[in-house]
Every structure is written in C-alpha cells, then in structure tokens.
Amino acid sequence: MTLTDSIVTDDRTPFTGDRVPLVAVLGAGHIGGTVVARLLAGGHPPSRLRATTRSRAHAAEIAAAYGIATGEDNAEAASGADILVLAVRPDQADAVLAEAMRVAEPARYVVSFVAGYSVARLTSAAGPTPVHAFRVATNVAALEKSGVLAVSTAPSSPAESLERVTAALRPLGTFVPLPESHQDTAASTLGSGAAFLALAAAGVREAASAAGVAPEHALLFTVEALECAAALLRQAGPASAEPWASLVTPGGITAAGIDSLLSHGVSDHMAEAVRAAVDRARVVTPTPTEAT
Numbered sequence: 002m003t004l005t006d007s008i009v010t011d012d013r014t015p016f017t018g019d020r021v022p023l024v025a026v027l028g029a030g031h032i033g034g035t036v037v038a039r040l041l042a043g044g045h046p047p048s049r050l051r052a053t054t055r056s057r058a059h060a061a062e063i064a065a066a067y068g069i070a071t072g073e074d075n076a077e078a079a080s081g082a083d084i085l086v087l088a089v090r091p092d093q094a095d096a097v098l099a100e101a102m103r104v105a106e107p108a109r110y111v112v113s114f115v116a117g118y119s120v121a122r123l124t125s126a127a128g129p130t131p132v133h134a135f136r137v138a139t140n141v142a143a144l145e146k147s148g149v150l151a152v153s154t155a156p157s158s159p160a161e162s163l164e165r166v167t168a169a170l171r172p173l174g175t176f177v178p179l180p181e182s183h184q185d186t187a188a189s190t191l192g193s194g195a196a197f198l199a200l201a202a203a204g205v206r207e208a209a210s211a212a213g214v215a216p217e218h219a220l221l222f223t224v225e226a227l228e229c230a231a232a233l234l235r236q237a238g239p240a241s242a243e244p245w246a247s248l249v250t251p252g253g254i255t256a257a258g259i260d261s262l263l264s265h266g267v268s269d270h271m272a273e274a275v276r277a278a279v280d281r282a283r284v285v286t287p288t289p290t291e292a293t
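Written out as structure tokens, the structure is:
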C-alpha cells in the first residue's frame, strides 16, 4: 500500500488514548524499522502504521515485509498521524521534521530517537505547530527484545501526554522517565553501553578460541558469562561497588583475572568510554540557536 492510498482513512480528531493511534515512522532504517516490527508484533494494526524511507526500493521492501503503507514523502506519512516517530540521522532530522509538520495537526505527539536531539530542538524544528515532544534513548538490540527506553519531555508537558504515548508504544519495551539533562548519559550507557560491553566480551571469546575452544562454544560461554554478569548486577543493587565479589575466592582463578583487569584500569577505561560518548552526544547536533 502507498502512503497516498492510506490517507483516506485519517482520523483528524486529537488522540486522547481512547482509540488505536495512527503512527508514522519517519525513517525506517535500523531503529525505525525495528520500531515498525515491534509495534506490529505487539498487535498494532498494520492499517494504523506508516513508514518512510529515503528510497523507493527500500520503501517497497518495508511494505512487502510488513504490509504497511510506505513511501518517501514525509508529509504524506504525517498527514493525520497521531504519533510521529522520528528515527533519522541527526543531520537529517530538522529537514524531515519540517517536511512532516507542514501537514501535521496541532497537539500531535513527536517521539524522537535521534541521538543528541534535544526536546527544545525538537519543538523548534516543528515550527509554529504545537506538539507534545519526547526524546528517547535506546538501541536496536534493546528494541528487538522489548528492553528499556529512557524517555524525557518538556517539564511543562502534562503528565497524561507521557502516559498516552508510552501506552501507545508499549510494545517497544519499558519506558523509564528521566530528566532530559540525563539523556546524553542514558544514550551513552543504555544505548552505547551494549557496544562497549560487547567489545570487552570479544576479548573473552577470543581468549577462549585461542586456547583451542571451538568458536561456537567460545561464543556460547561468553554470552552466558554476560547474562550472568547482568544477573550479578541486578542482585547486587545500585549501591554495590564490587558486584563481582560473590564470584571471587581469594587466591582463585577469578581473583587472578580480576586483579589483572584492575591493574590495567579496565573499569576506568570503560568509564572513559561512556564520558567520550556523552561528550560526542552533546555536539552531534547543534542547539536551536546554533542552527540559525
């Protein structure tokens, strides 16, 4: 189905949570495509979901895979939509949102997955049309397993608007509200942190393979170790300085490995990786005043 075909079913009344919202995903790439897949898997009707891509060929692929209206025109996708999901690159976000807002109705919900894209920037880019703006931090892997999403909105935004949008997008995972001042850190831990830990885990896998363990077993053991590490962190709680302590026996093999890691400052290096990501998030898109 094309976007033009779907517009005849628009409901122009404001979304108040009493009906299935019409969701337009602007940018069905890695994040946006996963949003589409998770919403459909969670029971969102295909007739109430649209998506845009940068190419006609990709739009055709999305339409064939999911049976939803797709196209390249962001304004067509936004026409009558209750919720706009912005999932494009930072350098594309202003133009895509401006195109969509040419036809968007007032008081619509705009949910941004764009790295470093502030609520103020989102509201400014939307132009004169008033919107409920939300900024979300997560990653593709978290979305695929309906994991955790950090969500922020303007302090002046009514509480019911957050409740409505998170209820509508519940198939994506668990939304954790937090002040926007923490969003860059959330993106660098919840979002990028998975990549940092995967990089560290690659060293564990490679060591096992180098010792002669079959590659598939080395991978299995490493994944299991990561899952056990997650369990240790949950059990230890947020106040624990040494969540690994329950696995360490003085003079044992785990102690030898921990001592090696500590001597090389691994924890400090991981913290520095997060700080570097936070610094990058703060400059990846300019503020509204810098953009003018």
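Just add 1 to the spot in the sequence shown (first one is 1) and you have my numbering. The beta carbon of each residue, even a glycine, is placed where N, CA and C say it ideally should be. Since this is a predicted model, take the numbers as computed values, not measurements.
For I63, the enclosing alpha helix (DSSP H) has its first and last residue at 57 to 67. A contact is defined here as three or more CB-CB pairs under 8 Å, and the segment 266 to 283 meets this definition with respect to the segment 187 to 194. The beta-carbon separation of G34 and I63, rounded to 7 Å, stays under the 8 Å limit for a contact. Here V104 carries a coil assignment [DSSP, helix/strand/coil]. Residue pairing for H133: DSSP places it in a beta bridge opposite Y110. Burial is judged here by how many other beta carbons sit within 10 angstroms of a residue's own beta carbon; R206 has at least 16 and is buried. Between the segment 66 to 81 and the segment 165 to 178, the count of C-beta pairs closer than 8 Å stays below three; the two stretches do not touch.
Excluding five sequence positions before and after V141, the CB atoms of its chain that fall closer than 8 Å to its own CB belong to H31, I32, T35, given in chain order. T54 places its beta carbon 9 Å or farther from that of A25. If you draw a 10 Å sphere on the C-beta of R103, you find fewer than 16 other C-beta atoms in it, and that means exposed. Only buried fits A82, as 16 or more other CB atoms lie within 10 angstroms of its CB. Going by beta carbons, D74 and E100 fall inside the 9 Å limit. Selection L41, S125, P46, L23 evaluated against S80 yields L23 as nearest (Cα-Cα). In this structure the segment 259 to 267 does not touch the segment 160 to 174; the number of beta carbon pairs closer than 8 Å is below three. Judged by DSSP secondary structure, P216 falls within the alpha helix (DSSP H) whose first and last residues are 216 to 237. CA-to-CA, the gap between R57 and L123 works out to about 27 Å.
Put simply, the backbone Cα of S157 is about 12 Å away from that of P180.
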